[in-house]
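Some notes on the structure that comes next.
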Amino acid sequence: MNRKYLATLFILSIILVIIWFRHGYMLGGGESALPFYNASHNLYLAAFSWIDYNVGAPNLNLTMAWPFYFLIDKLKLVFGMEFAQAIFILSLITLGLISSFRLIKEFFPSSSNKATLIGSLFYLFNFILI
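Mapping of the sequence shown onto this note's numbering: position 27 corresponds to residue 994, and the numbering continues sequentially without gaps.
Put into structure tokens, the structure is as follows:
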């Protein structure tokens, strides 16, 4: 992959994250709750495979997310909640853009780098993903 296109994708990711997090708010809603808000509590809950409220229930989804909450808890201690979420979103966007760039290049090796860049940008701004 050409470094110029890699840098373009990374700079675009940084610009998007700066726009989204410029006021210092956290993103969350729907079923995602706010995993970045109280990562320490979620890390504690994820350490056990049984939920202890009501009559108890299996806690398999949260237990599988233990590495995520561990990483977020450590990032929160170093950078703060909002910046930890911004770093995480930045890494997701950047990895998605680079992966789609390489996947398009793999399936269409004769395509130019500009066409592949446009294809990866289409992946990012696809309304089904947003």
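Glycine included, each C-beta is placed from N, C-alpha and C at the ideal position. Computed from a predicted structure; not experimentally measured.
Under the three-state DSSP convention, the category residue i falls into
{"i": "alanine 1032", "result": "coil"}
{"i": "asparagine 1005", "result": "coil"}
{"i": "serine 1098", "result": "Residue coverage of the chain in this structure runs from 968 to 1097, which leaves residue 1098 outside it and unanswerable."}
{"i": "asparagine 1080", "result": "helix"}
{"i": "phenylalanine 1092", "result": "coil"}
{"i": "glycine 995", "result": "coil"}
{"i": "lysine 1037", "result": "Checking the sequence shown, residue 1037 turns out to be phenylalanine, not lysine. The answer is helix: DSSP assigns phenylalanine 1037 an H, G or I state."}
Beta-bridge pairing of residue i - partner residues as DSSP gives them
{"i": "tryptophan 1017", "result": "Pro1025"}
Limits of the alpha helix (DSSP H) - the one that residue i falls within
{"i": "glycine 991", "result": "Premise fails: glycine 991 is in no alpha helix (DSSP H) and is neither H nor E."}
{"i": "phenylalanine 977", "result": "970–987"}
{"i": "phenylalanine 1068", "result": "1048–1074"}
Residue i to residue j span [Cα, whole Å]
{"i": "phenylalanine 1079", "j": "phenylalanine 1015", "result": "Just to set this straight, residue 1079 is serine in the shown sequence, not phenylalanine. Serine 1079 and phenylalanine 1015: Cα-Cα distance of roughly 50 Å."}
{"i": "leucine 983", "j": "asparagine 969", "result": "22 Å"}
{"i": "leucine 979", "j": "tyrosine 1004", "result": "26 Å"}
{"i": "phenylalanine 988", "j": "leucine 1084", "result": "25 Å"}
{"i": "alanine 1006", "j": "valine 1045", "result": "13 Å"}
{"i": "threonine 1061", "j": "leucine 976", "result": "7 Å"}
{"i": "alanine 1032", "j": "glycine 1063", "result": "20 Å"}
{"i": "leucine 1070", "j": "glutamate 1049", "result": "31 Å"}
{"i": "histidine 990", "j": "serine 1077", "result": "43 Å"}
Inset, instruction - Check whether the stretch 1030–1047 touches the stretch 1004–1021, counting contact only when three or more Cβ pairs, one atom from each stretch, lie closer than 8 Å. - result: yes
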